[in-house]
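To start, the structure itself, in structure tokens.
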Amino acid sequence: MRRRLLTCGSLVAISVTALFALQATFRQFPGMEDDHVPVPPDAYEKTEWAFTRLMYPSGRHASVFGQIGSWPTDYPKADRQFVQGVRRLTRIHTRSSEQVVDLDSDEVFNWPWLYAVEVGHWSLTDAECAKMREYLLRGGFLMLDDFWGPEEWGRFMESMRLVFPDRPIVEIEDKDSIFHTVYDLDDRYQILGQWALHGRMTYRSDGTVAHWRGIYDDHGHIMVAMSFNSDIGDSWEWADDPRYPEKFSALGIRIGVNYVVYSMTH
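Residue numbers (this note's numbering): 37 to 302.
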């Protein structure tokens, strides 16, 4: 038994060492919003886990960033503030800086967790859909956030149907372990963005009801988790702003932490 434990421990050490070796160096992209934050002093540390943001091509309906597309929404402040929550609330060795990964690169296979925002505007090529499918079937986890209403859902599905034409998207039940890995999150509610602060809007694009949807693998584990009709990215980005309601940041950070821990344990 001792020999087996030592062997298992050696394999874990080798796996972690290999993971560190594969990690690409942190790269800073131009800030796209007015809430610029400094690069953390330990941004280049190699760690057990890093927040990985997906760079993807956007269609003609892409939001605020024109030719750049929608992928950098809330970047980089949301990413860096959320990872501080992961550091405080879990024992995961977490990098203080995010990693931006282009779906056109094979580098995506080196990162077990991806976050994509405003996917109601993405427009993936056939090759990118095939790579995303391979990434997920290899054991990757994808969190999708901040897309609203039937029109954005329809544009999102144009690509997602190519990724998984044979797998249904379902509502995740309250009892699913993804809502109970660290926090028990049976009482979820719609998370509004910073744009709702002044009471002008309580939802976007007819997205009045929050949905927590997923795609499962053959073993009953979630591969893709969607926060539809909610803006979790804003709940991370504005968590330090006293004007932003604490209840949104509290739930948004807890959901993110649960998804991270779930992805590393299932």
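Just so it is clear, CB atoms sit at the ideal spot from N, CA and C, and this is done for glycine as well.
Residue i classed as buried or exposed, judged by whether at least 16 other C-beta atoms fall within 10 angstroms
i: D78; result: exposed
i: L178; result: buried
i: V119; result: buried
i: E209; result: exposed
i: Y92; result: buried
i: G105; result: buried
i: E282; result: exposed
i: G175; result: exposed
i: Q117; result: buried
i: L172; result: buried
i: Y80; result: exposed
i: S263; result: buried
Contact set for residue i: own chain, Cβ-Cβ below 6 Å, skip 5 residues either direction
i: A57; result: Because the pLDDT of A57 is 44, which lies under 50, any placement of that residue in the model is unreliable, and the question is left without a value.
i: F87; result: D115, V119 and E134
i: A261; result: M179, G250 and Y295
i: E273; result: D110, K113 and A114
i: G85; result: Here residue 85 turns out to be Trp, not Gly, going by the sequence shown. Same-chain partners within the cutoff: I128 and T130.
i: Y298; result: I214 and T217
Close-in-space but distant-in-sequence residues of the same chain around residue i (CB under 7 Å, 5 per side omitted)
i: L233; result: R279 and Y280
i: T83; result: H129, T130 and R131
i: N294; result: I214, F215, T217, V218, Y219 and L221
i: V122; result: I128, T130, V293 and V296
i: S159; result: P93, S94, G95 and S195
i: F284; result: I227, L228 and S271
Close beta carbons around residue i, own chain, < 8 Å, minus the five adjacent residues each side
i: I268; result: D181, D182, I227, G288, I291 and G292
i: Y252; result: R203, V206, I258 and M259
i: R124; result: none
i: R224; result: F215, A246, W248, L287 and I291
Unbroken beta strand (DSSP E) run spanning residue i, endpoints
i: Q117; result: No beta strand (DSSP E) contains Q117, which is instead part of the alpha helix (DSSP H) from K113 to L125.
i: V136; result: Q135 to D138
i: D182; result: F177 to F183
i: W305; result: The question about residue 305 has no answer, for the chain in this structure spans 37 to 302.
i: Y151; result: W149 to V153
i: I258; result: I258 to F264
i: T217; result: That residue, T217, is in no beta strand (DSSP E); it is neither H nor E in DSSP.
i: L228; result: Here L228 belongs to no beta strand (DSSP E), and DSSP marks it neither H nor E.
i: T88; result: T88 to M91
Proximity of residue i and residue j at Cβ, strictly below 8 Å
i: L150; j: V137; result: yes
i: D270; j: Q230; result: yes
i: W189; j: V153; result: no
i: V199; j: R249; result: no
i: N265; j: A286; result: no
i: V155; j: F192; result: yes
i: P76; j: M300; result: no
i: L139; j: E164; result: yes
Host alpha helix (DSSP H) of residue i (start-end)
i: L173; result: D162 to L173
i: G288; result: E282 to T301
i: S304; result: As displayed, the chain neither begins before 37 nor continues past 302, which places residue 304 out of reach and without an answer.
From the options, residue whose alpha carbon lies closest to that of residue i
i: D212; options: H257, S141, W147 and D162; result: H257
i: V73; options: R174, W85, E81 and Y111; result: Y111
i: R197; options: G185, W184, H255 and T161; result: T161
i: R89; options: P186, M300 and F65; result: F65
i: P201; options: M168, E187 and W184; result: M168
i: H255; options: H302, E187 and T244; result: H302
i: T244; options: N146, T126, Y298 and W184; result: W184
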